[in-house]
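Some notes on the structure that comes next.
Numbering (my numbering), first residue to last: 33 to 816.
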């Protein structure tokens with residue numbers, strides 16, 4: 033008959049055992065739930081980042097001209113990234129397993145943000161792809177593309193961080209359950225022992241009850257270890273003072289070891305941790321012991337087969353000495369993260385190296401070039417940026433296919449890399465284009481032997497199968513810091529020099545001309561400024577009177593363009609017209625002058641002011657020889673019906689290059705038929721004055737001011753002036769002298785038979801508003 037005390041003990045033992053089994057079952061269920069619930073989610077986050085990153089990198093290669101990549105494959109990677117993200121919200125199943133839907137509202141919101149980031153990144157990518165011919169590297173759309181990918185990456189990292197936090201919280205709860213189990217076992221043993229003593233139970237029954245309790249503890253511990261093993265976690269238990277170190281089977285399995293391979297002391301770690309990681313790992317553990325906080329560290333340990341595997345270790349002190357507060361016991365886990373590390377390294381490789389040739393890509397090139405520029409600045413050295421484009425590679429692709437072309441690229445890449453020195457870099461930036469960075473140059477000539485080796489390497493015959501292929505290379509290069517621009521500009525300048533080499537016959541190199549580039553920049557800046565001046569109506573006309581010195585009448589005015597510059601003030605034509613001599617703006621400005629002059633003639637006529645002769649404007653040979661010049665002039669005249677065409681005179685610079693005199697003569701005759709007049713400006717300075725005088729239907733000849741100004745003290749100039757006047761009379765043309773600066777100039781011209789004149793001695797160019805007052809006040813000199 034079992035006594036009441038014994039029954040109480042039995043009931044207490046059974047209840048406690050059942051309670052412990054419930055806790056163990058709950059712990060096992062929690063561990064399995066963590067594994068089943070979070071492992072696919074962690075993998076899904078990695079897939080989202082991996083697929084989107086591959087899409088980004090492939091898109092960069094495709095937009096740079098790599099025709100081995102299909103844009104639809106890139107969109108497919110983005111679709112797969114979106115599928116994994118959506119599966120985390122709604123659940124999903126694929127060949128790799130089942131992904132359970134997340135319930136945590138904060139994490140779901142972050143995933144929604146990631147999906148929005150994928151959509152936004154794709155929209156920008158599609159726009160970038162559609163406008164690739166107009167939006168180059170560095171453009172606003174290109175910057176939006178990189179920014180959208182960066183925003184997506186941040187949102188994906190937020191998801192991964194939040195997921196790790198949730199896993200960490202669940203693991204902490206799991207560890208708490210372990211500790212609770214140990215405490216409950218301790219309480220159970222104490223309670224049963226006290227009950228046995230207090231009820232004076234016989235030794236045998238006491239021993240039997242104790243054995244039963246120990247068996248329960250062993251069973252609970254085994255179940256707890258099974259849970260840890262189920263989570264693929266290596267468990268270790270370190271008795272700090274004695275150095276005893278116990279591990280579970282999974283810890284051994286991770287390293288490919290058996291129990292016979294270890295000594296069960298902490299020295300096992302010293303022999304297995306990678307030498308490069310040993311110091312930082314020991315420091316991390318020591319710091320943790322001092323602070324009492326949990327630690328997480330990543331390090332390498334040696335597998336039984338000799339390879340190094342990556343371990344993520346975590347641990348904490350679970351027992352301290354009550355008196356000295358020194359650690360007595362530490363527990364923790366190990367997890368094999370080799371695959372994750374390899375995935376990260378693979379992503380890094382894809383992000384920085386060309387998939388085909390294994391050379392650095394554009395991203396890594398930019399970084400290395402930036403570092404090389406800093407090195408040059410510190411050590412007062414130079415570097416060369418070399419842009420190399422293969423000649424004839426397209427023909428190889430067309431004739432033998434991309435597979436042969438790829439093999440040729442791989443072979444040439446290896447040969448060209450061997451042609452460089454240690455410390456130099458060679459990158460493939462797309463298609464058959466390569467960029468090399470040659471460092472530590474003292475003079476420009478230091479890079480020439482290397483360029484010769486590159487040309488030689490590129491032109492070496494390459495045997496692929498039964499085919500012997502020959503190509504060559506066109507090379508452009510620029511020297512930093514002589515060409516003191518940023519990395520993108522250095523590459524662009526080397527690219528420009530490469531095109532010069534290619535146009536010069538290929539299989540050669542050419543150095544970028546910084547002086548010429550500066551001149552081009554100044555020219556472009558001038559054109560841009562003049563364009564802005566036209567758009568902002570900063571140009572105006574001043575008018576210089578033309579007079580008959582003998583009769584004292586004002587016969588007309590010449591319209592002269594000026595630029596009212598907002599910073600430099602009023603500028604003369606010599607300061608801006610040469611910049612647009614060969615630009616379409618030359619024609620646009622010429623039409624503006626005619627339009628403005630016609631408008632001013634109409635305003636003067638409305639005031640009752642008219643000239644016996646006309647208002648003249650200068651036109652360039654380029655404008656005059658335009659096929660539609662007559663039509664354009666007709667339209668301008670029609671826009672001012674109140675102005676008779678005979679009041680407009682067009683002055684042609686006879687020093688200008690008139691390509692076809694016969695054609696120009698026909699154009700002028702058509703314009704004369706409209707009623708306008710023509711004058712030959714600067715007569716006598718050209719190389720075919722008599723030809724122009726004989727064949728061009730100009731009614732007026734203007735003697736160039738350079739002859740008139742110096743004729744008073746230069747007999748040759750005087751003879752020229754006299755000869756031009758005689759020629760004009762012989763050809764029955766009127767003649768006017770420019771550059772009349774003194775009374776003596778006028779008197780001499782009158783003696784030579786020239787009555788018409790203009791110049792500073794008569795009047796300087798003036799605004800249109802000043803012309804009426806000047807006419808009223810002007811009187812010819814009495815000596816005339």
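Note that CB positions come from ideal geometry on N, CA and C, so glycine has one too.
Reducing DSSP to helix, strand and coil, say where residue i ends up.
i           : result
residue 277 : strand
residue 672 : coil
residue 363 : strand
residue 814 : coil
residue 242 : Since pLDDT at residue 242 reaches only 49, below the 50 mark, its modelled position is unreliable, and no value is offered.
residue 489 : helix
residue 80  : helix
residue 799 : strand
residue 598 : coil
residue 419 : strand
residue 468 : strand
residue 773 : coil
residue 49  : helix
residue 266 : strand
residue 387 : coil
Considering only DSSP beta bridges, list what residue i is partnered with.
i           : result
residue 627 : Bridge partners of residue 627: none, in fact.
residue 43  : Residue 43 is not bridged to any residue.
residue 499 : 496
residue 484 : DSSP, once it has assigned bridges, lists no residue as partnering residue 484.
residue 650 : 683
residue 733 : 712, 767
residue 571 : 595
residue 589 : 577, 647
residue 473 : 414
residue 603 : 595
residue 789 : 579, 769
When we look at the beta-carbon of residue i and count the other beta-carbons within 10 Å, is it buried (16 or more) or exposed?
i           : result
residue 726 : exposed
residue 93  : buried
residue 368 : buried
residue 639 : exposed
residue 312 : exposed
residue 687 : Caution applies to residue 687, whose pLDDT of 48 falls short of 50 and renders its modelled position unreliable; the model cannot decide the point.
residue 171 : exposed
residue 222 : exposed
residue 359 : buried
residue 389 : buried
residue 50  : exposed
residue 670 : exposed
residue 574 : buried
residue 280 : buried
residue 46  : exposed
What first and last residue would you give for the alpha helix (DSSP H) that runs through residue i?
i           : result
residue 132 : That residue, residue 132, is in no alpha helix (DSSP H); it is neither H nor E in DSSP.
residue 401 : 394-411
residue 523 : 519-535
residue 272 : Where residue 272 is concerned, there is no enclosing alpha helix (DSSP H), given that its DSSP letter is neither H nor E.
residue 381 : 370-384
residue 462 : No alpha helix (DSSP H) holds residue 462; the beta strand (DSSP E) holding it covers 457-462.
residue 425 : 425-432
residue 756 : 747-762
residue 743 : Careful: residue 743 lies outside any alpha helix (DSSP H) and carries neither H nor E.
residue 304 : 299-304
residue 102 : Premise fails: residue 102 is in no alpha helix (DSSP H) and is neither H nor E.
residue 697 : 693-706
For residue i, decide whether its Cβ has a neighbour in chain B, counting only Cβ atoms nearer than 8 Å.
i           : result
residue 346 : The chain labelled as chain B is not found in the depicted structure, where only one protein chain is given.
Determine the extent of the beta strand (DSSP E) in which residue i is found, giving its start and end residues.
i           : result
residue 126 : 124-126
residue 307 : Where residue 307 is concerned, there is no enclosing beta strand (DSSP E), although the alpha helix (DSSP H) it sits in stretches over 307-323.
residue 504 : 504-512
residue 344 : 340-352
residue 542 : 540-543
residue 333 : 327-334
residue 609 : That residue, residue 609, is in no beta strand (DSSP E); it is neither H nor E in DSSP.
Report back the beta-carbon spacing between residue i and residue j to the nearest angstrom; my notes put them in contact at under 8 Å.
i           : j           : result
residue 216 : residue 154 : Incorrect: roughly 55 Å between the Cβ atoms, too far for contact.
residue 788 : residue 766 : 7 Å
residue 703 : residue 679 : With 8 Å as the limit, residue 703 and residue 679 do not qualify as a contact, their Cβ atoms being about 14 Å apart.
residue 757 : residue 732 : At roughly 13 Å, the Cβ-Cβ gap does not stay under 8 Å, so residue 757 and residue 732 are not in contact.
residue 594 : residue 559 : At roughly 19 Å, the Cβ-Cβ gap does not stay under 8 Å, so residue 594 and residue 559 are not in contact.
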